[in-house]
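Converting from the sequence shown to the working numbering requires adding 35 to each position, the first position being numbered 1. Note that CB positions come from ideal geometry on N, CA and C, so glycine has one too. In this text, all values refer to a predicted model and were calculated from it rather than measured experimentally.
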Amino acid sequence: MGNVLDINIIPSPILIIGDDNHAIEANNAFVSLFETNVKTIDQLNKHLQFPIDINDLTPHHQNSFINDKAGIDAFVTINSSQSNGQTVLTITQEKTDLQDFLKDKNCINFLSNIPLGIIIKDISTDKTIFVSDYLISKIGYSYDEIASNPWKLFTYNEDIAMQEDIMRDKLQNGLNAVYFDKRIVSKNGRIFWFSEYIRTFEHSKKKYQIIALRDISSEKEIETELDRAKHLVEDAERLKSAFLDNLPHEIRTPLHAITGFTSLLIDPDLSNEERVEYVKFIQDSSNDILNLMDNIIEIAKLETNQIKPKREKCYINSIIDKSYNDIISKQEIMEKPQLTIDVKKDNNDPLFTVVSDPERIHQIMSHLLNNALKFTETGSIEFGYRLKEKNRIEFYVSDTGIGIAPEEHEIIFKKFGKSGNINTNKNRGSGLGLTLSKKLVELLNGNISFESTVGEGSTFKFVIPVEKEQKITITRPSVNGETNWSSKTILVAEDTDSNYFFIEAFLERTHANLIWAQDGNEAVQLFKENNIDLVLMDIMMPEKDGYDATREIREINTSVPVIAQTALALPDDEEKCYNAGCNYVLVKPINSEDLIATIKRFIY
Ligand code: ADP
């Protein structure tokens, strides 16, 4: 029986295939669908996103995108039915919602097999209608979590503003597609870099948005590594330039001294004193070169952000005491008998702490104090700190030295900037100390300044913000007035004679009975043998140190007050004292007032 129906009157494209897979007939609608002649299933498949299986032409229907002659991806259903060895393929342009298509197993297989995170949104309803399994497993959020939350929730905080700008631009300029790189934070907190592509498209007169996300984390890692390597090379280059630009001049003076005095040393007629003096010149000049190099390297590191400030407990008074100990133990001080050093603390409590970087504060203080000492012959150097409003501390170093001429104020913070009105011997520094100090103050978010008058002296100040760690207010009993401790016995463990005599002199007016132990073993022994009301414990002692002696005393007696006295001013030394069982830590040098006030807190 022949075909009684004229297939050309059917508006849907129809292709009739014989059992040899070749077209027997195609209707007008089919012919006009494609530009080229489509005569076989193979040829038809080239236009389909999901091809028809030529071995399975049993009656069924299948969804696909079809690429027609205008290159438009139309969504279609292809019905196949068979009769008399012929297969009739009818293509129906789908009005189906894209959402239905996304549920199609072909589509799911296809989208799941590509290594991209895919999200599809219906713009009219602002609903997410598809999230690929790949994305779900990558970032660990469920389908519902991804579909029901705004993109900002998954986006790394610092990238939100950038994406907002791009999306605004897309909207304002009516762009179809945009792409950019951004970070997404997975459910377990891991940060992924994705290259994101957002495209708007239309289907069945509805607008959709497809978001494709490609994981580029490892590419970014390589990029960061390369960037770091590039910066390292640049830093090294900068460092090298700093050396090359400045070294020849700066190094000449100490090098001349070294070569000059070395040649003088060869003279066999030199006296011993002369020889010692020349060796000292050579040592000093070698140290100058070493300091110069250390300073250049540290400045380069600060300039290239390789040094990060610490945020830790700072015992401000310990830093000041340590700076004091450093300065008074300098040879130069001995050579300047008419120079006095004074310390001013705004808070005398040894436990006064703030949060900042103790090492850096100490380093800046040391630079400023060394300068004050270098440029002051007589009079005084006063240094210390003042607590300022808004959690800030101002440190200062004031001297009665030669001062700095107004025209030189500009240059002294610059690299290798030195004032010219001073003789070379005094100004043996590299001219880097203040540059470094300024950079260190800036590292701590502070600022440094100075006032100076030639012939009268200079005051350098730096103010840094700090965090208050805790507010310890100790009400100190007044030291004035009579203190009578004649019924009290204080054990003083101290290995240095002069220190013991100081303590003895300080406590004389209190009439306390003192027992002197000259090392840790003797302290424990004397504690056992006597009825002790309080122990003053030095920490650095031979045989047995103050930590161990305190521990042993604590095994015998848990309540006797033990006050540690230590010249070490590192914060963890203080902790170690408390851990060993001390009730209080006095940082050397101790003055009479502090000593009596502290003891008064423990005995009455
Ligand atoms: P240097 O290592 O040469 O001391 P600095 O950068 O610390 O370098 O100081 C730069 C210059 O500033 C010094 O050479 C000196 O001329 C001047 N200067 C710094 N501190 C003082 C001070 N307290 N009194 C007088 N001049 C000072």
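Taking the continuous beta strand (DSSP E) assigned at P500, which residues delimit it?
By 1-based counting over the sequence shown, the position of residue 500 is 465. Per DSSP, P500 is one residue of the beta strand (DSSP E) stretching across G492 to P500.
Inset, instruction - Output the boundary residues of the beta strand (DSSP E) element that contains S522. - result: By 1-based counting over the sequence shown, the position of residue 522 is 487. First-last for S522: undefined, no H or E at that position.
_Using a Cβ-based criterion (distance less than 8 angstroms to any ligand heavy atom), does D319 qualify as near the ligand ADP?_
The residue labelled residue 319 in the question sits at position 284 within the sequence shown. Relative to the non-hydrogen atoms of the ligand ADP, the Cβ of D319 never comes closer than 8 angstroms to any of them.
* Asked: Around the C-beta of D607, are 16 or more other C-beta atoms found within 10 angstroms, so that it is buried, or is it exposed?
  -> Numbered from its first residue, the sequence shown carries residue 607 at position 572. So D607 ends up on the exposed side.
Check your understanding: What did DSSP end up calling M572 once you bin it into helix, strand or coil?
Key -> Locating residue 572 in the sequence shown gives position 537, where the first residue counts as 1. M572: strand per DSSP, three-state reduction.
Check: Can S415 be considered in contact with the ligand ADP, in the sense that its beta carbon sits closer than 8 angstroms to one or more heavy atoms?
Finding: One-based indexing of the sequence shown puts residue 415 at position 380. Checking every heavy atom of the ligand ADP against the Cβ of S415, none is found closer than 8 angstroms.
Please state the DSSP three-state secondary structure of Q560.
Translated into the one-based positions of the sequence shown, residue 560 becomes position 525. Helix at Q560.
Taking E502 and V390 to be in contact with their CB atoms under 8 angstroms, please state how far apart those CB atoms are, rounded to whole angstroms.
Translated into the one-based positions of the sequence shown, residue 502 becomes position 467. Translated into the one-based positions of the sequence shown, residue 390 becomes position 355. Sure, about 4 angstroms apart at Cβ, within 8 angstroms.
Report task. Take every Cβ of the segment 252-264, pair it with every Cβ of the segment 169-183, and state whether three or more of those distances are shorter than 8 angstroms. Result -> no
Q. Run through DSSP, which three-state label would D302 get?
A. By 1-based counting over the sequence shown, the position of residue 302 is 267. Coil.
Assigned secondary structure, G295 (DSSP; H/G/I helix, E/B strand, else coil)
Taking the first residue of the sequence shown as position 1, residue 295 is located at position 260. If DSSP states are grouped into helix, strand and coil, G295 belongs with the helices.
Review point. In terms of residue numbering, what span does the alpha helix (DSSP H) encompassing L476 cover?
Key: If you number the sequence shown from 1, residue 476 lands on position 441. The amino acid at residue 476 is misidentified as Leu; the sequence shows Val. Start and end: G468 to L478.
| Extent of the continuous beta strand (DSSP E) to which N100 belongs | The count along the sequence shown starts at 1 and reaches residue 100 at position 65. Here the sequence assigns Phe to residue 100, which means Asn is not the residue at that position. From DSSP, the beta strand (DSSP E) with F100 extends over H95 to N102.
- Item | Which listed residue (I113, E347, K623 and I598) has its alpha carbon closest to that of A615 | Here residue 615 is taken as the residue at index 580 of the sequence shown, counted from 1. That would be I598, whose Cα lies nearest to the Cα of A615.
field: First through last residue of the beta strand (DSSP E) which encompasses E417
entry: Reading the sequence shown from its first residue, position 382 is the one you call residue 417. G414 to K423 is the extent of the beta strand (DSSP E) around E417.
Please say whether D573 and T601 have beta carbons closer to each other than 9 angstroms? Within the sequence shown, the letter at position 566 stands for residue 601. Within the sequence shown, the letter at position 538 stands for residue 573. Contact: yes.
Select from E412, T411, M400 and N426 the residue whose C-alpha is nearest the C-alpha of F418. Looking up residue 418 in the sequence shown gives position 383. The shortest Cα separation from F418 among E412, T411, M400 and N426 belongs to M400.
Checklist entry - Ends of the beta strand (DSSP E) at F485? => result If you number the sequence shown from 1, residue 485 lands on position 450. N482 to T488 is the span of the beta strand (DSSP E), which, as asked, contains F485.
When you compare the segment 111-124 with the segment 49-65, are there three or more beta-carbon pairs, one atom per stretch, that lie closer than 8 angstroms? yes
Between the segment 392-411 and the segment 427-436, can you find at least three pairs of beta-carbon atoms closer than 8 angstroms?
Because the criterion of three Cβ pairs below 8 angstroms is met, the segment 427-436 and the segment 392-411 touch.
### Query
Hey, is S627 close to the ligand ADP, as in C-beta under 8 angstroms from one of its heavy atoms?
On the sequence shown, residue 627 is found 592 positions in, with the first residue counted as 1. S627: no, Cβ never under 8 angstroms from the ligand ADP.
Task: N-terminal and C-terminal residue of the alpha helix (DSSP H) that Y232 is part of - done: Sequence index remark: in the sequence shown, residue 232 carries index 197 (1-based). Looking at the DSSP string, Y232 is not in any alpha helix (DSSP H); the run it does join, the beta strand (DSSP E), is I226 to H238.
Given that a residue counts as buried once 16 or more other Cβ atoms are within 10 Å of its Cβ, and exposed if not, what is P393? Your numbering for residue 393 matches position 358 in the sequence shown. Buried.
- Query: Could you give the distance in angstroms between the alpha-carbon of E578 and the alpha-carbon of L267?
  - Reply: The residue labelled residue 578 in the question sits at position 543 within the sequence shown. The residue labelled residue 267 in the question sits at position 232 within the sequence shown. In this model, E578 and L267 are separated by some 49 angstroms (Cα to Cα).
- C-beta contact flag for N330 and N352 at 9 angstroms: Your numbering for residue 330 matches position 295 in the sequence shown. Your numbering for residue 352 matches position 317 in the sequence shown. Not a contact, by the Cβ cut-off of 9 angstroms.
Those residues which DSSP pairs with V378 across a bridge: Position 343 of the sequence shown holds residue 378. V378 pairs with F418.
Checklist entry - Do you know how far the Cα of I332 is from the Cα of E269? => result Position 234 of the sequence shown, counting from 1, holds the residue named residue 269. Position 297 of the sequence shown, counting from 1, holds the residue named residue 332. Rounded to the nearest angstrom, the two C-alpha atoms are 14 angstroms apart.
Q. How big is the Cα-Cα spacing for K336 and I342?
A. If you number the sequence shown from 1, residue 336 lands on position 301. If you number the sequence shown from 1, residue 342 lands on position 307. Distance between the alpha carbons of K336 and I342 is about 6 angstroms.
- Message: With a threshold of 7 angstroms on Cβ separation, who are the neighbours of N211 within its own chain once the five nearest residues in sequence on each side are excluded?
- Response: Stepping through the sequence shown from its first residue, residue 211 is reached at position 176. Correct list, in chain order: R234 and T235.
Worksheet item: Looking at the structure shown, is C612 part of a helix, part of a strand, or coil, going by DSSP?
Response: Position 577 of the sequence shown holds residue 612. If DSSP states are grouped into helix, strand and coil, C612 belongs with the helices.
Reference H397; option with closest CA among T288, I362 and N307: Within the sequence shown, the letter at position 362 stands for residue 397. Here the closest residue by C-alpha is I362.
- [ ] Check the C-beta distance from D532 over to G555 and give it rounded, since I have them as a contact under 8 angstroms.
- [x] Walking along the sequence shown from the start, residue 532 turns up at place 497. Walking along the sequence shown from the start, residue 555 turns up at place 520. With a Cβ gap of about 17 angstroms, D532 and G555 do not count as contacting.
*Mind checking who E60 pairs with in its DSSP beta bridge?*
By one-based count along the sequence shown, residue 60 stands at place 25. DSSP, once it has assigned bridges, lists I51 as partnering E60.
Could you tell me which residues DSSP puts in a beta bridge with T122?
Here residue 122 is taken as the residue at index 87 of the sequence shown, counted from 1. In the DSSP output, where bridge partners are listed per residue, T122 has I52 and Q117.
Given a cut-off of 9 angstroms, decide if L151 and L137 are closer than it, judged by their beta-carbon atoms. Here residue 137 is taken as the residue at index 102 of the sequence shown, counted from 1. Here residue 151 is taken as the residue at index 116 of the sequence shown, counted from 1. Cβ atoms of L137 and L151: not closer than 9 angstroms.
For the ligand ADP, I want to know if H266 counts as a neighbour, meaning its beta carbon is within less than 8 angstroms of at least one of the ligand's heavy atoms. On the sequence shown, residue 266 is found 231 positions in, with the first residue counted as 1. No, Cβ of H266 sits at least 8 angstroms from all heavy atoms of the ligand ADP.
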